[in-house]
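>
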Amino acid sequence: MRTEKLYEKDSYRVTFTATVLSCVPAEKGYSVILDKTAFFPQQGGQYADKGNLNGQNVTDVQIENDEIVHYVDSPFTEGEQVAGAIDRMTRFVRMQTHTGEHILSGVIHNLYGYDNVGFHLGDGYATVDTSGPLTKEQIARAEEEANRVVWEDRAVYATYPTLEELKTISYRSKIDPREDIRLIHIDGCDVCACCAPHLSSTGQVGLIKVVAAEPRKKGTRLTVLCGSDAYANFVRTQNLAQEVQRMLSATPDTLVAEIKRTLDRLAEKEKEIKSLKVTCALSSLSFVSAPACDYAFIENADLDVLRATALSVTTENIRALLSENDGLISYVVFSSSADVRPFVKTMNAALNGKGGGSATFAQGKLSTKKEDVSAFLKNP
2 MRTEKLYEKD SYRVTFTATV LSCVPAEKGY SVILDKTAFF PQQGGQYADK
52 GNLNGQNVTD VQIENDEIVH YVDSPFTEGE QVAGAIDRMT RFVRMQTHTG
102 EHILSGVIHN LYGYDNVGFH LGDGYATVDT SGPLTKEQIA RAEEEANRVV
152 WEDRAVYATY PTLEELKTIS YRSKIDPRED IRLIHIDGCD VCACCAPHLS
202 STGQVGLIKV VAAEPRKKGT RLTVLCGSDA YANFVRTQNL AQEVQRMLSA
252 TPDTLVAEIK RTLDRLAEKE KEIKSLKVTC ALSSLSFVSA PACDYAFIEN
302 ADLDVLRATA LSVTTENIRA LLSENDGLIS YVVFSSSADV RPFVKTMNAA
352 LNGKGGGSAT FAQGKLSTKK EDVSAFLKNP
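When we follow our numbering, the leftmost residue of the sequence shown carries the number 2, and every step to the right adds one.
(1) By alpha-carbon positions, which one of H199, D327, F235 ends up nearest to H99?
(2) Compute the Euclidean distance between the alpha carbons of D303 and N326, then round it to the nearest angstrom.
(3) Which residues in the same chain have their Cβ closer than 6 Å to the Cβ of Q47, if we skip the five residues on either side of it in sequence?
(4) Rounded to a whole number of angstroms, what is the C-alpha to C-alpha distance between R149 and V73?
(5) Is the Cβ-Cβ distance between E5 and D36 less than 8 Å?
(6) Around the C-beta of A258, are 16 or more other C-beta atoms found within 10 angstroms, so that it is buried, or is it exposed?
(7) In three-state terms, what does DSSP make of Y332?
(8) What is the rounded straight-line gap between the Cα of T60 and the Cα of H71?
(9) Just how far apart, CA to CA, sit I319 and K272?
(10) Does DSSP classify F362 as helix, strand or coil?
(11) When the Cα atoms are used, what is the spatial distance from F344 to C281?
(12) Rank I170, K168, S171, P162 by C-alpha distance to the C-alpha of D181 and give the top, closest one.
(13) Taking the beta strand (DSSP E) that S284 falls in, what are its first and last residues?
(14) Please confirm if the stretch 204 to 221 is in contact with the stretch 134 to 144, defined as three or more CB-CB distances below 8 Å between the two stretches.
(15) Decide if M2 is buried, meaning its Cβ has at least 16 other Cβ atoms within 10 Å, or exposed.
(16) Going by DSSP, name the residue or residues bridged to Y296.
(17) Would DSSP call K210 helix, strand or coil?
(18) Report the option in N66, I87, A376 whose CA atom is closest to the CA atom of Q57.
(19) Under the rule that 16 or more other beta-carbon atoms within 10 Å means buried, what is K278, buried or exposed?
(20) Please name the residue, chosen from S12, F235, V129, that lies closest to K218 on a Cα-to-Cα basis.
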């Protein structure tokens, strides 16, 4: 590689000058190779830095054929001196997240022996895949210990061990031994092979928060927020919680109980409304005799109401209850003895429907109009 990696020497450096070694047309504008760069290219699960060269936006930075390639829209001249500038805030936020991920992964490895087998640093979050399953309690313990490492403001630094030295070092993310392996050390917490820019101390991470966890293959995928992203999430969550507290006249200590009471009351009211709808439907229910089956339309009834109404109707012949809602026809077809499935299959095919069920009860929806349903039932 011909380009000097300034971001490895000083991860806080956001301006530099360089000489253009080559500039050739590419699918994404022009590809530029410099003699030195502070732009971190996309690699190791992290996006490339944002910024500009001579004020011209750098649209992407990739490693191609062992070269760091910068993509721009307009060409530079070979041998030209260019001034580069990195988006400082984007770089810093990503360093917060990446260093925070190293802390959390190191803590998980130390506590439970699991490795980080997958990592992605997106804009505003990171995902970490562990090699073994983690319980809710284990995640909480790891998160607390990771934040303790942050609060202690431990040193973070890089080393480039020789092949002989590498044999004596225990580190995560083992790769094939070579002379240019870069290890990121977090005092008393973690040593990991990594190519990305990092903070110089753990205190700058600020906060580490696991916001989601889900099974992933044999392990667990954690969604993690760090630093300013974690703070922004806290502010957003706090504002939402305070608004819900205001709406329910609750305090932080009573909020969950008040939400449960509100949901219970809502469920009871919905149950009462459903019962009233079924009662009204039964009181005015009038089936139309048709060659296909006897049928009746009920106004403003969803599938729950149609099902409950059908359960109160006894019939040996095939009958259908239908209702028109949001441009679709909901239906239930039922019988105490006849097999309704052949009829339902025919109706679905004729009226662009989807649905099914057992031999004596089926339900679904038809993508058609009420008059088309009546016409089909009268002349199947």
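Cβ atoms here follow ideal geometry from the backbone N, Cα and C, with glycine treated the same way.
To lay it out plainly:
(1) H199
(2) 8 Å
(3) L122, A197
(4) The straight-line gap from Cα to Cα measures roughly 43 Å.
(5) yes
(6) exposed
(7) Strand, per DSSP.
(8) 8 Å
(9) 28 Å
(10) strand
(11) 28 Å
(12) P162
(13) Unbroken run through S284 is the alpha helix (DSSP H), 256 to 284; no beta strand (DSSP E).
(14) yes
(15) exposed
(16) In the DSSP output, where bridge partners are listed per residue, Y296 has V289, A321.
(17) Strand at K210.
(18) I87
(19) K278 is buried by the Cβ-count criterion.
(20) V129
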